[in-house]
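> The following block contains the structure, expressed as structure tokens.
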Amino acid sequence: MAWFSRLFSGQETPNPALTAGQQQLIAAWRQLPAPDLQCSHYRCRYVVVDVETTGINVKTDHLYAIGALAVVDGQIGFKDACHLLLGPAELSTDPVPGSPVRPHSESAAGHSSVDALISFLHFVGKAPLIAYNVPFVAAMIERTLTECLGIEWGLAWIDLAWVMPDLFRDVEHTGGGLDAWLDHFSIASIRRHHAVSDAYATAQLLQITIASGARKGFMTPASLLELEKARRHLHQSA
């Protein structure tokens, strides 16, 4: 598998199946500046991501939908969102019924999966990424990007599944996952297990997380990354 070899060689080889225009768009994305992870939550753009897949095996199952929306300066950007359908389906422009989320303006029907993924690259830019259960979400997205576009993403991911238990130690959380946190904070999921709907629910958890983090001295994306790193270390050492 070529992508597996590139993973350990540290090199990225342009996918020969890509058109010159697609390769130029990927090159332009690579040239985007890295985000300042030391800036305040309220002066940065996060991108909250969730996925739909054919199963839960990150090596053999496939990604067929990505939902993403931005949280900018602490506010959910309802017009700064996208919903990608991959594979046989095309790029979707339809929001979840009843949702305030509207798709990113570049999302237009008729794009191939490759074009959809390139559109997603430019939607995200180099923003820090937020998800619940990052190992699964990131693995599915990054494997797809590598196989389809020939790139290694390498962006910062923050996992609310690790950060929130540290910020909300008084909350009894018995391993109920995302649903338990949504129930605790009375956040209604418009359509559970739909990528955009779950991203929207997770974005609301992010707003709660950054507000609590700011009160406790975790004022930046970098500080949340350090908090997650420390919690993971304690868990592994226990």
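Heads up: the sequence shown is residues 1 to 238, going by full-length UniProt numbering. Ideal Cβ placement from N, Cα and C applies to all residues, glycine included.
(1) May I have the straight-line CA-CA distance separating S186 from L160, to the nearest angstrom?
(2) If I measure Cβ to Cβ from I130 and keep anything under 6 Å in the same chain, skipping five residues before and after, which residues do I get?
(3) Would you call H193 buried or exposed, if buried means 16 or more other Cβ atoms sit within 10 Å of its Cβ?
(4) Please classify L234 as buried or exposed, where buried requires at least 16 other C-beta atoms within 10 Å of its C-beta.
(5) Look up H83 in the DSSP assignment and give the residues it is bridged to.
(6) DSSP on F123, reduced to helix/strand/coil?
(7) In terms of DSSP beta bridges, what is V48 paired with?
(8) Can you list, in chain order, the stretches of the alpha helix (DSSP H) that have 4 or more residues and sit fully within the segment 176-205?
(9) Please classify W153: does DSSP put it in a helix, a strand, or coil?
(10) For I208, I'd like the list of residues in its chain whose CB is within less than 7 Å of its CB, leaving aside the five on either flank, ordered along the chain.
(11) Considering only residues of the same chain and omitting the five flanking positions on each side of V171, which have a CB-CB separation below 7 Å?
(12) Helix, strand or coil for I210 per DSSP?
(13) Taking a contact to mean a Cβ-Cβ separation below 9 Å, would you say L32 touches A222 in this structure?
(14) Does the distance from the C-beta atom of A195 to that of V58 stay below 9 Å?
(15) In this structure, how does DSSP classify G74 when only helix, strand and coil are distinguished?
(16) Would you call D115 buried or exposed, if buried means 16 or more other Cβ atoms sit within 10 Å of its Cβ?
(17) What separation, rounded to the nearest whole angstrom, lies between the Cα atoms of R232 and Q24?
(18) Helix, strand or coil for I158? Go by DSSP, reduced to three states.
(19) Does the beta-carbon of P135 have 16 or more other beta-carbons within 10 angstroms, so that it is buried, or is it exposed?
Result, derived from the coordinates:
(1) Counting from 1 along the sequence shown, the entry for residue 186 is found at position 186. Counting from 1 along the sequence shown, the entry for residue 160 is found at position 160. The alpha-carbon atoms of S186 and L160 are separated by roughly 17 Å.
(2) Translated into positions along the sequence shown, residue 130 becomes position 130. Here the set comprises Y46, V48, I158 and L206.
(3) Translated into the one-based positions of the sequence shown, residue 193 becomes position 193. With fewer than 16 other Cβ atoms within 10 Å, it is exposed.
(4) Within the sequence shown, residue 234 is the residue found at index 234, counting from 1. With a threshold of 16 other beta carbon atoms within 10 Å, L234 falls short and is exposed.
(5) The residue you call residue 83 lines up with position 83 of the sequence shown. Checking the DSSP bridge columns, you'll see H83 partnered with G67.
(6) Counted from its first residue, the sequence shown places residue 123 at position 123. DSSP places F123 in helix when its eight states are reduced to three.
(7) Locating residue 48 in the sequence shown gives position 48, where the first residue counts as 1. DSSP links V48 through a beta bridge to L69 and I130.
(8) Every alpha helix (DSSP H) of 4 residues or more that sits fully in the segment 176-205 is shown, in chain order, as 177-184.
(9) Stepping through the sequence shown from its first residue, residue 153 is reached at position 153. Three-state result, W153: coil.
(10) Within the sequence shown, the letter at position 208 stands for residue 208. Excluding positions up to five away in sequence, the list reads F185.
(11) On the sequence shown, residue 171 is found 171 positions in, with the first residue counted as 1. The answer, listed in chain order, is H184.
(12) Counted from its first residue, the sequence shown places residue 210 at position 210. Three-state DSSP puts I210 in a helix.
(13) Here residue 32 is taken as the residue at index 32 of the sequence shown, counted from 1. Here residue 222 is taken as the residue at index 222 of the sequence shown, counted from 1. Cβ distance not < 9 Å, so L32 and A222 don't count as in contact.
(14) Taking the first residue of the sequence shown as 1, we reach residue 195 at position 195. Taking the first residue of the sequence shown as 1, we reach residue 58 at position 58. Judged by their CB atoms, A195 and V58 are not nearer to each other than the 9 Å cut-off.
(15) Residue numbering aside, residue 74 sits at position 74 when the sequence shown is read from its first letter. Coil at G74, not helix or strand.
(16) Indexing the sequence shown from 1 puts residue 115 at position 115. Result: buried.
(17) In the sequence shown, the residue the question calls residue 232 occupies position 232. In the sequence shown, the residue the question calls residue 24 occupies position 24. Going from the Cα of R232 to the Cα of Q24 covers about 38 Å.
(18) By one-based count along the sequence shown, residue 158 stands at place 158. In the three-state reduction of the DSSP assignment, I158 falls in the strand class, which pools E and B.
(19) Here residue 135 is taken as the residue at index 135 of the sequence shown, counted from 1. Classification for P135: exposed.
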